[in-house]
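Enquirer: Encoded as structure tokens, here's the structure I'll be asking about.
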Amino acid sequence: MLSEFEYTSSRIKALRSLMATKVDEETAKQVLGDVVTGKGYAPYHKQALMAMAKGSHPGGEAQRAALIDLRTTSLLEKLEEQSSLARGYWDIVNACQSLCNSK
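Structure, rendered in structure tokens:
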């Protein structure tokens with residue numbers, strides 16, 4: 001029961017924090033809903049995850065979960081960037097191979 005209260009309390013604080021940054025209430029609720037249900041790993045969820053971590057009890061379960069999800073989101077974002085770079089480099093390699101084979 002304590003854990004449920006901790007999550008509810010941090011969610012309310014996070015909602016207020018997001019709305020203070022001019023985020024529409026419905027959008028804030030939707031994004032926080034994604035975060036709380038484990039569906040919030042897109043880059044635009046970072047602000048909500050930071051708000052959840054900040055609004056949570058220091059060292060509590062909700063804060064730890066928000067920080068882990070924030071780190072996971074950042075790592076997924078970096079992985080996507082690096083994968084995109086790798087695809088670009090692979091295209092360059094293929095183009096060079098095509099030039100070498102055409103001679």
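Numbering-wise, the sequence shown is residues 1 to 103 according to my numbering.
Glycine included, each C-beta is placed from N, C-alpha and C at the ideal position.
Given 8 Å as the limit, is there contact between the stretch 64–80 and the stretch 30–50, that is, 3 or more CB pairs closer than that?
Expert: They touch, by the three-pair rule.
Enquirer: Where are the alpha helix (DSSP H) runs, 4 residues long or more, that stay fully inside the stretch 12–68, in chain order?
Expert: With a minimum length of 4 residues, the continuous alpha helix (DSSP H) runs that stay inside the stretch 12–68 are 25–36, 46–55.
Enquirer: Pairing CB atoms from the stretch 8–25 with CB atoms from the stretch 72–81, are three or more of them under 8 Å?
Expert: With a cut-off of 8 Å, the stretch 72–81 and the stretch 8–25 do not count as touching, because too few Cβ pairs lie within range.
Enquirer: Taking its Cβ as the centre, do 16 or more other Cβ atoms sit within 10 Å of V93, making it buried, or is it exposed?
Expert: Exposed, by the Cβ-count rule.
Enquirer: For T8, count neighbouring C-beta atoms within 10 Å of its own C-beta (all shown protein chains included) and say buried if the count is 16 or more, exposed if not.
Expert: Result: exposed.
Enquirer: Roughly how many whole angstroms lie between the Cα atoms of S10 and L18?
Expert: The straight-line gap from Cα to Cα measures roughly 12 Å.
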